[in-house]
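For the sequence shown, position 15 matches number 15 in full-length UniProt numbering, and the numbering has no gaps at all. Glycine included, each C-beta is placed from N, C-alpha and C at the ideal position.
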Amino acid sequence: MAQGLHIGIAGAGVGGLAAAIALHLAGHRVEIFDQFDAPRPVGSGLVVQPVGQRVLEWLGCGQAARALGAPIRMLHGVEARTGAGTLAVRYDAAGAGLHGLGMHRASLFEALHGRLVALGARVVASSQVIASSADRQGRWLQMADGRRAGPFDLVVDALGSHSPSRRWCRACCLMARSGPRWSGPRPSCQPTA
Ligand SMILES: Cc1cc2nc3c(=O)[nH]c(=O)nc-3n(C[C@H](O)[C@H](O)[C@H](O)COP(=O)(O)OP(=O)(O)OC[C@H]3O[C@@H](n4cnc5c(N)ncnc54)[C@H](O)[C@@H]3O)c2cc1C
């Protein structure tokens with residue numbers, strides 16, 4: 001690639017951090033924004049499945065993740081009241097050596113964030129993204145405190161399952177679905193509710 005894109009990523013959860021590392025490794029210039037005051041994870045534990053472990057390896061944080069996690073060979077679930085079986089997963093049934101990787105979310109965050117920092121990128125904290133808009137210069141992220149970040153060639157929404165961007169993008173998504181390619185000035189994505 002001759003010249004990478006300038007990419008803004010909204011949200012530094014597992015998704016945003018992994019996207020930031022992957023895009024950085026692909027030669028793009030990445031800026032990542034999160035509302036937290038200092039980089040930190042939310043939530044408790046999770047199981048990284050074999051395909052997720054392959055991705056962590058590819059991102060360059062497989063070793064760090066393995067050191068912070070514990071291999072899980074089998075999952076067995078029962079209904080508490082009746083004792084009836086609800087889940088039976090044997091990882092080795094799918095292929096030799098496969099296992100889940102049980103991790104606290106803080107550990108997964110640490111592995112990804114450590115890799116991002118080692119690559120020379122950083123998360124801009126205290127940045128609550130409230131809107132995104134586009135003009136002839138590119139796409140912008142609007143923060144709650146009045147700051148505006150950009151212009152970016154591309155913005156990635158990694159704000160999680162409660163992302164407000166569904167509201168911002170209603171207008172342009174409808175536009176994209178309803179006809180020929182947009183050829184005029186790029187549409188603005190401002191909050192509609
Ligand atoms: C109880 C539970 C158990 C789970 N167990 C597993 C499991 O075992 N294995 C597995 O693979 N997955 C599991 N998941 C799913 C997994 O946790 C999610 O898929 C994953 O966390 C999503 O990551 P994300 O980065 O997309 O979003 P999130 O982790 O939600 O990160 C979003 C980030 O965006 C930031 N943010 C939000 N709004 C704004 C804003 N307006 N401005 C700026 N920043 C903002 C937040 O601070 C946060 O840092 C589980 C989920 C739950 C709830």
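#### Entry: Extent of the continuous beta strand (DSSP E) run through L75
M74 to V78
### Message
Could you pull the DSSP bridge partners for R122 from this structure?
### Response
None, per the DSSP bridge assignment.
### Task
Below 8 Å on the Cβ atoms is my guess for H28 versus L59; work out the distance and round it to an integer in Å.
Between L59 and H28 the Cβ distance is about 14 Å, and since that is not below 8 Å, they are no contact.
### ligand 1 heavy atom lying under 7 Å from the CB of D34
yes
### Task
In angstroms with no decimal places, state the Cα-to-Cα distance between A125 and G77.
39 Å
### Task
From the DSSP output, in three-state form, read off G83 for me.
Coil at G83, not helix or strand.
### Task
Identify whether P50 lies in helix, strand or coil by the three-state DSSP scheme.
helix
### Query
Would you call the segment 87-97 and the segment 138-157 in contact, with 3 or more CB pairs under 8 Å?
A contact is defined here as three or more CB-CB pairs under 8 Å, and the segment 87-97 fails this definition with respect to the segment 138-157.
### Task
Sort S127, V47 and I7 by Cα distance to D37 and report the nearest one.
Per the Cα distances, S127.
### Query
Where does the unbroken beta strand (DSSP E) through G102 begin, and where does it stop?
G100 to H104
### Query
For G102 versus V47, is the C-beta spacing smaller than 8 Å?
yes
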